[in-house]
Every structure is written in C-alpha cells, then in structure tokens.
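Undergrad:
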Amino acid sequence: MALVKHIVAAALVAAAIPFGGASAEPVSIVDALGREVVVPAPPKRIVTVFSSNTELIAALGLADRIVGIDAMTRYPPEIVSKPHVGGRLGFSVDTVVAQRPDLVIVTPARQAANQLVEPMRRLGIPVIVLMSRTMTEVIANVRLLGKATSQSGTGESVARAMETRIDTVQKKNAGRTRPRVVMITGQLGNGLMLVARPNTYTGDAMRIAGADFALPTLRTLAQVSPEAILASAPDVVLFAGRQEDFDDLLTRPGWRDLRAVRAGRAWTVPRAEWLIPGPRTVDGIERLAERLRQPEGS
Amino acid sequence: MRYWLTLLAFVLAAIGIGACAGHTWVTPAAVLRAILGGASIESALLFEWRLPRVIAAALVGALLGLGGAVFQGVFRNPLAEPYLLGSAGGAALGATIALLVPLAVSQAFSLPVLAFAGAWGATLLVIGVSRAAGALDVPTLLLSGVAVSAVLGALRSFLMLALSDETVSLQVVLSWVLGGMQTPTWIGVGGLAIVTAVALAACLALASGLDKLGLGETMATAFGMDVGRFVALAVLVGSATVAASVTVGGLVGFVGLAAPHIARWRLGPLHRSVIPASAAIGAGLVALADAIARSALPPAEIPLGLVTAVAGGPFFLFLLARSRKKW
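From first to last, the protein sequence lines are chains A and B.
Under this note's numbering, the first residue of the first sequence carries the number 1, and numbering increases by one thereafter.
Under this note's numbering, the first residue of the second sequence carries the number 1, and numbering increases by one thereafter.
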C-alpha cells in the first residue's frame, strides 16, 4: 500500500513538472528577426524597450520583474519610476547592462535593435526582437512572451481573450458597409500628414473595427499631403492625438468643408490604443467599431 | 622625436579616456582587469563591447586623417576634406545601396566595394566639374563638392524613404549617415588595423609625389612627374582610404580636415611627416569625440558625426576666414 502511495506521489510530481511555473528548463523561441533565442531560466529581471513591449510584459502580470524601460513609456503606472535605458536619442548598452537583466525585449525602431542586439548577444544576455506588422503578429507576441517568461498559460489566456473580442467585433460588423476612413497619426512640420496605411497593425485594427481605407494605395510612404486627404473625401476622419490639435487642424482651409467633418464624423482616438501595439489596441478596436456602427448624425 | 612621442602619448591617452568613458564611467583599473580576463559582466562589457569600439574609432580616425592629408596634398588645397569633396557622401550612397537594395552578392563584399565606388566616383565627378569650370582652386572645388554632396544626399534620402521597410536596415543606414561607429568583433578590429596599415603605407608612397605637386604642376612636370597619372592614383588611394573609414564609422566629418592642419602646425608641409602625424592626430581626435558621443547624454548616445561636426565646423570656418584673405 505504501508502495502504491509512493508511485502515485512520484507520478503526480512528474506530471506537475511541465506545468510548474518555476521549472528551470531553458526555453527556446524564434523572434521576429528569425533569431533563435534561448532563455535559460524564467527571467526575473527584464528590460523592456518601448511602450508596447512593456505593456505586453505587464499584461502577463510581470510588471514587477521589469527593471528598465525607455524614457517614453508611461503605462502601466507602476512602471513609470523604473530606470530609463534610453530615449529619443538612442539606447545605452552600459545602462542596460547595469540593470543586470536576464532578458531584454526590443523592437527595431529608433535604433534599438541595431544598438542593443549585438552587444547583448556578445555578453550572453538573451534579447528578443519583436515586431508588430499585423494584429495577428501582435497577438502572437503575447503568446511568444508568455513562453519566453515561462508564463505560457497566462500568455495563452491573454491572447485568447484578445482574439475572442476581435471575433465578436467582426461578427457584429459582418454584412455592414465599410465607411471609408482616414486616420491621421501625425503631422510633419512641412504640412504633410502621416496616416495609418494598409499592411500595418494600425491599418489592420482599423479594418477589424469595420473601416475601409480612403487612401488604399499607400504603400511604404506614410506621408501624404492634406490635399490628398481632402480629395479622397473620406466618410470618417480620425485623428490619433489631442482634441485641441485636431480642432486646430480643422480650422485650416478645406477641412471644415469635408463631408465627414460636416456630418460630425471626425473624431480623435487615443494614441495609446492605436500607436502602441498591445492589449489596449483591442480596446481601441471595440471603441471605434462601436462608433462606426452608429448612423450618421446620431 | 619628442613630437612623435607626444603624438603617441596623445593617441594612447585618448584611447585610455575612451575606454573609461561611457554612461557608466569606469576606472583605468577596471579596464585593466577586463583586459586581463576579469569574469564579471562589467569586464565582459568592457572587453567585448567598449574596447573594440574605442580602438575601431581610433582606426577610423587614422583613416580619415590619412584621407584628408592625401586630398589636401593632391588638390594643393588646405580646405579639401573627404566630407566636403563628396567622397564621404559618395561612399555613404554606395553603402546605402549595399544595405537596402537586394543584390546578388553578399553584403560583406558589396558594402566596401560600393562604398569605394561611391567615394571614388563622387571625387572624380567633383574634379571633373571643377576642371570643366576652369580650375582646381578652392572656391570651385568647394562649390562643386557642395553641389555633388547635395545630389548624393538627396539620392540617399530617397533610397532610404523608398526602400526601407521599418526594420533593421534603415536603422543601420541612419546610423551611418549620422556617423555612428559600428562595433566590430576583435577579428574585425584586426582586419581594420591591417587595412589602416596598408592605407598608411600606400599614402606614404605618395608622399614625395605630393611634395613635388605642392610646388605647382609645372614644377612637378619639370621633375619628370606624370601629373595626370599621379593625381588619378592619389585620388584612388584617398577614396579607398575614405571608403574604408566610412564602412566602419559612417559619415564622420571634419576630422580629415583638421588632422592634417594640426600636423602641419609643427611639422611644416613635408608629406613624409604630415601623413603619419595626420593619422595619429585623427586617431586621437575620433577616439575622444567617440568618448563624448558615448558619455555626454546618458542614457542616450549622440551620433559621432554630430560631435565632430559641431567641433570641426567652426574650425573649418576659422580656416576659411583666414585663407580668404589670401585669395
């Protein structure tokens, strides 16, 4: 009888190992650059460069393991006091190493991957490069980081929740006419505008929310002249930014006469929901989908 | 001899300061520990990352000093400089093509070759335009250099806008344009050191010819020199030197201008001494500028080319103001 007990206990222990959060098995993942990254043990000190990567780690419930962020990251509130490892002018290998990280997560923007991947590789610190080119990739990043941090279960449930909410939005939108939308994501000093374009996660999120592109032919160049936007006569104009900046833009010649503006279908959307690829993007999709479904003039 | 010892001390001191400088400053003792094989992560950082970069910066500076000395000699023009003559811009355009356009050959091959082709082509174009305009004098050279650089810069910007896909390649190009040092492996540093030694030898081989040319084309011809052939050869050597520096350090301006000037203050015009002294001064200047770039604004890093431009631009204006009186 005692023997049976032992066997049962051993079986339970053996079965528990693959699910144990703190198992010391090395984890191997393939990142957005196709690099194989081996994380030898569940990371306890994570440097996350860029808001999106910080938010993804926080969404896995690991905000307390973040030991370094970039200077422009403001969310979630509990990480704002963490040391900065870089900002507008680039990223510091010295400062990253000084945090003694056991995992570094970056995105190839503002030189981050260029400046950090190679030194971390030489020093033997695992570094994961993430990209967010589509919403599918954004959600895949949640699962990938879940695996890399030995939190696959949490990663799976966060990712699945995002997918379910997106499914719901798409089902509600099925069969509806898609309004033609322009989303302005930035203004350049020379008067040109940056707009969300196809083949980006922001464009993807707009499509999911039920929009169509008023400027569908944009490829890699995201800069367009205001005339092109006015000429495209969109059904809806979205402005990722502050209301006062949008109001200011609408006082310029031509904008007041846009059909979308006259019909009251020119709104601001939060930059955090549309320009930071992470769980909050789904909030933005739901909010925009809701608004697009409302009939004109309501 | 004392001058050369001073120069050696300057280069070593600049490399030493460079090794200590960073967002986290370290003591010389820590650098020594890293060299002797310290096991800590700080030692690894110093040995695998900071030291190769500091030495690469010094070698890039040496190449720029050499390129500047040759160009100033061959154009008999104290304001000639790789950055202003278009050769650096040409090299950067070549490099941009190598980095962004999918080519059939490997980047390790296409990068230096296209950088060289760009540097050489741009310099020949500047010389051609100046000759067509009538003279290789200072204003003509500088103006055609400015125009050619502007065209090359525009082409490069267009390629960057049109061909990049927001991934790593554009960042690499950007870091070149602004003069960002790459950090080679120790093997890469060794290769760069060999290239620098070859460039030094090639430039020194030009020394007596440059001295004769300095007396004027008529005098040089009277010495039995084939001026046309010599100039073509010197431009080739100068362009190759600049291309080598741009391949590792990107567009780093004004070092090629300043280093030969500083060398001539004490050594006079003879190229046999000006050329190696320019290399040493360039090495020290870039190692120091790179230390500033890495440590001035923690945790950010200022592109090296901006540091040398801010420091070197006024130096150029000073030389221009002084030489202007002679025209």
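No residue lacks a Cβ here, since even glycine has one placed at the ideal position from N, Cα and C.
For the segment 103-125 of chain A, which residues have a CB atom closer than 9 Å to at least one CB atom of chain B, in sequence order?
TA: Those would be Pro-108, Ala-109, Arg-110, Gln-111, Ala-112, Ala-113, Asn-114, Gln-115, Val-117, Glu-118, Pro-119, Arg-122, Leu-123, Gly-124, Ile-125, in chain order.
Undergrad: Run through the DSSP bridge pairs and tell me what A/Thr-48 is partnered with.
TA: Per DSSP, A/Ile-105.
Undergrad: Quick one: what's got a C-beta closer than 7 Å to B/Leu-103's C-beta in the same chain, skipping five residues either side?
TA: Cβ neighbours of B/Leu-103 beyond the five flanking positions: Ser-110.
Undergrad: Which of helix, strand or coil does DSSP assign to A/Ala-228?
TA: Here A/Ala-228 sits in helix by DSSP.
Undergrad: Just to confirm my understanding: we take A/Val-37, look at its own chain, exclude 5 residues before and 5 after, and list those with CB closer than 8 Å. What are they?
TA: So the list reads Ser-28, Ile-29, Val-30, Asp-31, Pro-126, Val-127, Ile-128, Ala-148, once near-sequence residues are dropped.
Undergrad: Per DSSP, which one or two residues make a beta bridge with A/Ile-29?
TA: Answer is A/Val-37, bridged to A/Ile-29.
Undergrad: Sorted by chain position, which residues of the same chain lie with C-beta nearer than 7 Å to A/Pro-277's C-beta, five sequence neighbours on each side aside?
TA: Here the set comprises Ser-52, Ser-132, Val-138, Tyr-201.
Undergrad: Is A/Val-282 near A/Leu-238, with beta carbons less than 8 Å apart?
TA: No; because the gap between Cβ atoms is not below 8 Å, this pair is not in contact.
Undergrad: Does DSSP put A/Arg-252 in a helix, in a strand, or in coil?
TA: If DSSP states are grouped into helix, strand and coil, A/Arg-252 belongs with coil.
Undergrad: Going by other Cβ atoms of all chains shown within 10 Å of its Cβ, with 16 needed for buried, is B/Arg-2 buried or exposed?
TA: It counts as exposed.
Undergrad: For A/Asn-141 and A/Leu-56, which I take to be in contact (beta-carbon distance under 8 Å), what is that distance rounded to the nearest angstrom?
TA: A/Asn-141 to A/Leu-56, Cβ: 6 Å. Contact.
Undergrad: Let me check understanding here. Comparing Cα to Cα, which of A/Val-39, A/Glu-286, A/Asn-190, A/Pro-43 lies closest to A/Lys-171?
TA: Closest option to A/Lys-171, Cα to Cα, is A/Glu-286.
Undergrad: Given a cut-off of 8 Å on the beta-carbon distance, is the pair B/Phe-71 and B/Pro-82 in contact?
TA: Yes.
Undergrad: Kindly indicate if chain A contains any beta-carbon less than 8 Å away from that of B/Trp-49.
TA: Yes - at least one Cβ of chain A is within 8 Å of the one on B/Trp-49.
Undergrad: Can you check the segment 68-104 of chain A for any alpha helix (DSSP H) of at least 4 residues that lies completely inside it and give the ranges in chain order?
TA: With a minimum length of 4 residues, the continuous alpha helix (DSSP H) runs that stay inside the segment 68-104 of chain A are 93-98.
Undergrad: Would you say A/Leu-275 lies against chain B (beta-carbon separation less than 8 Å)?
TA: Chain B contact via Cβ: absent.
Undergrad: Where do the N-terminal and C-terminal ends of the beta strand (DSSP E) with A/Met-193 fall, by residue?
TA: Taken as a continuous stretch (DSSP letters only), the beta strand (DSSP E) holding A/Met-193 covers 193-195.
Undergrad: Would you say B/Thr-123 reaches chain A, if we count a Cβ-Cβ gap shorter than 8 Å as a contact?
TA: B/Thr-123 does not count as touching chain A.
Undergrad: Name, please, each residue of chain B whose Cβ falls closer than 8 Å to the Cβ of A/Arg-100.
TA: Under the 8 Å cutoff, chain B gives Ile-41.
Undergrad: Take B/Leu-161 as the anchor and find which of A/Gln-223, A/Val-181, A/Val-39 has the nearest alpha-carbon.
TA: Checking every option, the nearest Cα to that of B/Leu-161 belongs to A/Gln-223.
Undergrad: Alpha carbon to alpha carbon, how far is A/Thr-168 from B/Ala-119?
TA: For A/Thr-168 and B/Ala-119, the distance between alpha carbons rounds to 58 Å.
Undergrad: Drop a sphere of 10 angstroms on the beta-carbon of B/Ser-175, count the other beta-carbons inside from all chains shown, and report buried for 16 or more, exposed for fewer.
TA: Answer is buried; the Cβ neighbour count reaches 16.
Undergrad: Considering only residues of the same chain and omitting the five flanking positions on each side of A/Leu-116, which have a CB-CB separation below 6 Å?
TA: The answer, listed in chain order, is Phe-91, Val-106.
Undergrad: Anything in chain A within Cβ reach of B/Ile-187, meaning under 7 Å, just list it in chain order.
TA: Going along chain A, no residue has its Cβ under 7 Å from B/Ile-187, so there is no contact; the nearest lies around 12 Å.
Undergrad: Comparing the C-beta of A/Val-30 with each C-beta of chain B, is any distance below 8 Å?
TA: For A/Val-30, the answer is no, since every Cβ of chain B falls outside 8 Å of its Cβ.
Undergrad: Quick check on B/Thr-185: buried or exposed, where buried means 16 or more other Cβ atoms within 10 Å of its Cβ?
TA: Under this definition B/Thr-185 is an exposed residue.
Undergrad: Have a look at A/Leu-60 and B/Ala-293 and give me their C-alpha separation to the nearest angstrom.
TA: Near 37 Å, if we compare the C-alpha coordinates of B/Ala-293 and A/Leu-60.
Undergrad: Please check if any C-beta of chain A sits within less than 8 Å of the C-beta of B/Thr-183.
TA: Cβ-Cβ to chain A under 8 Å: yes for B/Thr-183.
Undergrad: For a contact meaning CB atoms closer than 7 Å, what does A/Leu-89 contact in chain B?
TA: Those are Leu-297, Ala-300, Glu-301, Ile-302, listed as they occur along chain B.
Undergrad: How would you label A/Met-206, buried or exposed, when you count the other beta carbons within 10 angstroms and need 16 or more for buried?
TA: Flag for A/Met-206 reads buried.
Undergrad: Quick one, are the C-beta atoms of B/Gly-145 and B/Val-173 less than 8 Å apart?
TA: Not a contact, by the Cβ cut-off of 8 Å.
Undergrad: Name, in chain order, the residues that DSSP records as bridge partners for A/Gln-223.
TA: A/Leu-194, per the DSSP bridge assignment.
Undergrad: Within the same chain, show all residues whose beta-carbon is closer than 8 Å to that of B/Ala-14, passing over the 5 residues directly before and after it, in chain order.
TA: Excluding residues within five positions, the ones whose Cβ falls inside 8 Å are Ala-58, Ala-283, Gly-284, Leu-285, Ala-287, Leu-288, Ala-291.
Undergrad: Along chain A, which residues have their Cβ under 7 Å away from the Cβ of B/Ser-175?
TA: Chain A residues near B/Ser-175: Gln-111, Asn-114.
Undergrad: Does the Cβ of B/Ile-281 have 16 or more other Cβ atoms within 10 Å, making it buried, or fewer, making it exposed?
TA: Buried, because 16 or more other Cβ atoms sit within 10 Å of the Cβ of B/Ile-281.
Undergrad: If you measure from the beta carbon of B/Gly-249 to each beta carbon in chain A, is any gap under 8 Å?
TA: Not one chain A Cβ lies under 8 Å of B/Gly-249.
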